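>
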């Protein structure tokens, strides 16, 4: 360091403030805690998004598989809006997707499943309320 | 704090002892805040950035390999955060107020001393306002924290030769201003 350096150092020392507020470490700790919570929430959101994406992909592929193998629908049939179809033709295609030789069986299956879910809900509610009344008495 | 002790504390923090991080904060916060204050003159903003530096350092402790000293590593985070903060908020240089930093001064009430002090602050303000953010950081590291060229290059992520050139230019520019005012300041 030459003389000029010494002068500059001397001048800059005058604005070198090393004082720290008392609450500094405490505030850092509380910021760390809130940052940890934020990161946990972010990780959870990422997990939910990844799981949802995987579930959606699985659902889409299973639908494609079911369509191809059980409903006799190919991807080409589902491309309703890619070609220049007339309105009448388009409606016919939509109708055909929902009503064709393969769909009836699946409508019955879906109706049965829905019925089972409804019965299960009723049974659950009934058991829950009767259990509650036994506990209260 | 010795390097071995520092590494031992870091290892304990990594293993989940968050309370020990206070030791690191208490040890390094004055230096980190001081160097940030050289770049961000508003005290509240500087404190905010310094706190964020320690928060970021806490969550990045796993990345600290111990190649450089902990202070160099913390200064590197402080440098990056200060630069992005000033870019984001377009922080302008706020002139140094002599009353604000009287703690570094011996109290001397003579009129002549007060006059010289005013002149010195004028010079300091002129010098600092001629520098950009990274230059102010550089001189704070070099003059106030006595960091070597190699350490400054480590902190700023530039080559040693670049740091040397930058420091030379800053010194020359500031030196010319000092020369102009030398008689008044050190008369």
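Residue numbers (the working numbering), protein chains in the order written: chain A, 70 to 206; chain B, 57 to 243. Using N, Cα and C, we set each Cβ at its ideal position, and we do this for glycine too. What you are looking at is a predicted structure, and each value in this text was computed from that prediction instead of being measured.
#1: Rounded to the nearest angstrom, what separates residue 196 of chain B and residue 113 of chain A at their Cα positions?
#2: Measure the C-alpha to C-alpha separation of residue 190 of chain A and residue 197 of chain A and round it to an integer number of angstroms.
#3: Within a Cβ cutoff of 8 Å, which residues of the same chain sit near residue 94 of chain B, ignoring the five residues on either side of it in sequence?
#4: Can you tell me which of the three DSSP states residue 87 of chain A falls into?
#5: Figure out for me which residue from B:110, B:229 and B:207 has the closest Cα to the Cα of residue 219 of chain B.
#6: Straight-line CA distance for residue 161 of chain B to residue 89 of chain A?
#7: Applying a beta-carbon distance threshold of less than 7 Å, which residues of chain B neighbour residue 112 of chain A?
#8: Out of A:83, A:72, A:181 and A:76, which has the shortest C-alpha to C-alpha gap to residue 174 of chain B?
#9: Of the choices B:70, B:122, B:217 and B:141, whose alpha-carbon is the least far from that of residue 189 of chain B?
#10: With a threshold of 8 Å between beta-carbons, can residue 201 of chain A be considered close to chain B, or not?
#11: Select from A:116, A:87 and A:203 the residue whose C-alpha is nearest the C-alpha of residue 89 of chain B.
#12: Taking buried to mean at least 16 other C-beta atoms within 10 Å of its own C-beta, is residue 202 of chain A buried or exposed?
#13: Select from B:221, B:83 and B:77 the residue whose C-alpha is nearest the C-alpha of residue 58 of chain B.
In this structure, then:
#1: About 42 Å.
#2: Residue 190 of chain A and residue 197 of chain A: Cα-Cα distance of roughly 10 Å.
#3: Closer than 8 Å at the Cβ level, and outside the excluded window around residue 94 of chain B, lie 192, 193, 195, 196 and 200.
#4: For residue 87 of chain A, the secondary structure class from DSSP, reduced to helix, strand or coil, is coil.
#5: Ranked by Cα distance from residue 219 of chain B, the first of B:110, B:229 and B:207 is B:207.
#6: With a pLDDT of only 49 at residue 161 of chain B, under 50, the local geometry of the prediction cannot be trusted, and the value read off the model is given with reservation. The alpha-carbon atoms of residue 161 of chain B and residue 89 of chain A are separated by roughly 18 Å.
#7: Going along chain B, no residue has its Cβ under 7 Å from residue 112 of chain A, so there is no contact; the nearest lies around 12 Å.
#8: Answer by Cα proximity: A:83.
#9: Looking only at B:70, B:122, B:217 and B:141, the smallest Cα-Cα distance to residue 189 of chain B is reached by B:141.
#10: Closer than 8 Å: no.
#11: Per the Cα distances, A:87.
#12: Per the 10 Å Cβ criterion, exposed.
#13: That would be B:83, whose Cα lies nearest to the Cα of residue 58 of chain B.
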